[in-house]
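S.K.: Structure in structure tokens, see below.
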């Protein structure tokens, strides 16, 4: 597999997390959430650089790690980090810094699909029934969306660096409205392929998610 750079957006404010500190600095068995996310890629020989856009004042020592200034939205942060990727690196993976349990199998699966198809992202099936309605509630249901066609996105999302740069340049939406990294590729007319995600690759959003991550780690030791 080709070498690739990793972007770990870490400029969010953790507004939905009800804990005493930024969720990225909560600990899971002796390591912070951010440390675990970094380590998942730092151990790989095919990772050329790890770029972390942040608005915080923290330092991270380590081989291949770079820190850059994050932006006002996720897309702005990704763009800032993308401009730090060495130009000789063809592929870039964007991974939520708050997904500390990503496995090497999942990274490999996504990278293989990206190289084959141009862009790939892990996804999980949506099990809930989804209703479309114009909020806020109470609101009249407009329709029920068939859930067998719906997939919840995970990360890493892997694509060509040049394709993502061009997608930023031609994006028809304000970057604040871009909710997903590969959405930029879609808006530019490119193809995005889904691969099977993993339940343990959860994103830490609430204190309850941290407890679930702890249970996954405990289960993995048994």
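Residue numbers (the working numbering): 16 to 237.
Note that beta-carbon positions come from the ideal geometry of N, C-alpha and C, so glycine has one too.
#1: Alpha carbon to alpha carbon, how far is residue 234 from residue 197?
#2: Decide if residue 142 is buried, meaning its Cβ has at least 16 other Cβ atoms within 10 Å, or exposed.
#3: What's the call for residue 174, buried or exposed, on a 16-neighbour Cβ count within 10 Å?
#4: Could you check whether the region 149–162 touches the region 201–213, counting it as contact only if at least three pairs of C-beta atoms, one from each stretch, sit closer than 8 Å?
#5: Would you list, in sequence order, the uninterrupted alpha helix (DSSP H) runs of no fewer than 4 residues that lie entirely inside the region 161–232?
#6: Is the beta carbon of residue 37 closer than 8 Å to that of residue 121?
#7: Exposed or buried, residue 7, counting other C-beta atoms within 10 Å across all chains shown (16 or more means buried)?
#8: Quick check on DSSP: helix, strand or coil for residue 57?
#9: What three-state label does DSSP hand residue 152 in the structure shown?
M.R.: Taking the coordinates as given:
#1: By 1-based counting over the chain shown, the position of residue 234 is 219. By 1-based counting over the chain shown, the position of residue 197 is 182. Straight-line Cα distance between these residues: approximately 32 Å.
#2: Counting from one through the chain shown, the residue named residue 142 turns up at place 127. So residue 142 ends up on the exposed side.
#3: The count along the chain shown starts at 1 and reaches residue 174 at position 159. Buried: at least 16 other Cβ atoms inside 10 Å.
#4: no
#5: 176–185, 196–202
#6: On the chain shown, position 106 is the one that residue 121 refers to. On the chain shown, position 22 is the one that residue 37 refers to. Result no, Cβ atoms of residue 121 and residue 37 do not sit closer than 8 Å.
#7: Since the displayed the chain opens at 16 and closes at 237, residue 7 lies outside it and no answer follows.
#8: Position 42 of the chain shown, counting from 1, holds the residue named residue 57. Residue state, collapsed to three classes: helix.
#9: The residue given as residue 152 occupies position 137 in the chain shown. In this structure, residue 152 counts as coil in the three-state DSSP scheme.
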